[in-house]
Amino acid sequence: MFGLSDWHRDGTLAEYVAVEARNLAPLPGDVDFAVGASLPISGLTAWQGLFQHGRLQAGQSVLAHGAAGAVGSVVTQLAREAGAYVIGTGRAADRQKALDFGANEFVDLGNDTLEDVAGVDLVFDVIGGDIQKRSAALIRAGGTLVTVVGPAEARPADGLAVDFVVESDRAQLSEIVKRVRDGRLRTNIGKVSALEEAVTTFNASERRTGKTVIRVRP
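At position 199 of the sequence shown the residue is numbered 198 (numbering that gives the first Met the number 0), and the sequence of numbers has no breaks.
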């Protein structure tokens, strides 16, 4: 099984943990546990932001911030599969990784001009602050800004701004893992560490892209 515990239930980084059955889905035997562990937060956040809150349709365009990261890479892949044109963002070092995950274009937030991006239908924000405010101005009439970094500080001139907290959903988990199995979705795992190394791993000073996974047992 794999899934996402309710947010009021802390302490899932343990050998044994009780999770509501409604928050779990079967993990197929041919899917590695590390892959399964990397999917719920990143996969569900991307799915819910794009389809529940962003109501993405084929032919639309998406500005996916952090396109080489754990969430952004899944946003990019799911949006492309849905028939969207994806503009990924990140640092210069992230360019090739974002393109490999399916971004049609890439904007280096350190060197390129974000405002050169033509109007988009959906912005998926994982950064907030000034980048969020500048991104809101790029949204076409009727478009949506979706953010996961708290209440939106900016709003499109003629559109919606939605902030949300990801929730577990068994049906969505099943759809996500199905795409992993058939090759439509690639996971983005940054580092896998043992439970004994968890504190050191999470406190590491070097920058990583991808999901950190703690393997409870070897």
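Where a beta carbon is used, it is the ideal one built from N, C-alpha and C, also for glycine.
Distance between LEU26 and LYS210 (C-alpha atoms, nearest Å):
Counting from 1 along the sequence shown, the entry for residue 210 is found at position 211. Counting from 1 along the sequence shown, the entry for residue 26 is found at position 27. Each residue's Cα considered, the two are about 18 Å apart.
In the structure shown, what three-state DSSP assignment does SER192 receive?
The sequence position of residue 192 within the sequence shown is 193, counting from 1. In the structure shown, SER192 sits in a strand (DSSP, three-state: E or B).
How do the stretch 73-89 and the stretch 46-60 stand: do at least 3 beta-carbon pairs fall below 8 Å, yes or no?
yes
Quick check on the burial criterion: 16 or more other C-beta atoms within 10 angstroms. Buried or exposed for PHE100?
Counted from its first residue, the sequence shown places residue 100 at position 101. When all chains shown are included, PHE100 counts as buried.
Proximity winner among VAL16, GLU14, ARG21, relative to ASP168 (alpha-carbon distances)
By one-based count along the sequence shown, residue 168 stands at place 169. Ranking the options by Cα distance to ASP168, first place goes to ARG21.
Between the CA atoms of LEU38 and ALA13 - distance to the nearest angstrom
One-based indexing of the sequence shown puts residue 13 at position 14. One-based indexing of the sequence shown puts residue 38 at position 39. Going by the C-alpha atoms only, they are around 18 Å apart.
Close Cβ partners of LEU184 (< 6 Å) along its chain, the five nearest in sequence each way excluded
One-based indexing of the sequence shown puts residue 184 at position 185. Excluding positions up to five away in sequence, the list reads GLN76, ARG178.
If I measure Cβ to Cβ from PRO150 and keep anything under 7 Å in the same chain, skipping five residues before and after, which residues do I get?
In the sequence shown, the residue the question calls residue 150 occupies position 151. For PRO150, where only same-chain residues beyond five positions count, the Cβ hits under 7 Å are ASP162.
ILE175 versus ALA24, HIS64, ALA203, residue with shortest Cα-Cα distance
Sequence index remark: in the sequence shown, residue 175 carries index 176 (1-based). It is ALA24 whose Cα lies nearest to the Cα of ILE175.
On a CA-only basis, which of LEU159, ILE188, THR208 is nearest GLY48? Give me that one, please.
Sequence index remark: in the sequence shown, residue 48 carries index 49 (1-based). Of the listed residues, the one whose Cα sits closest to GLY48 is LEU159.
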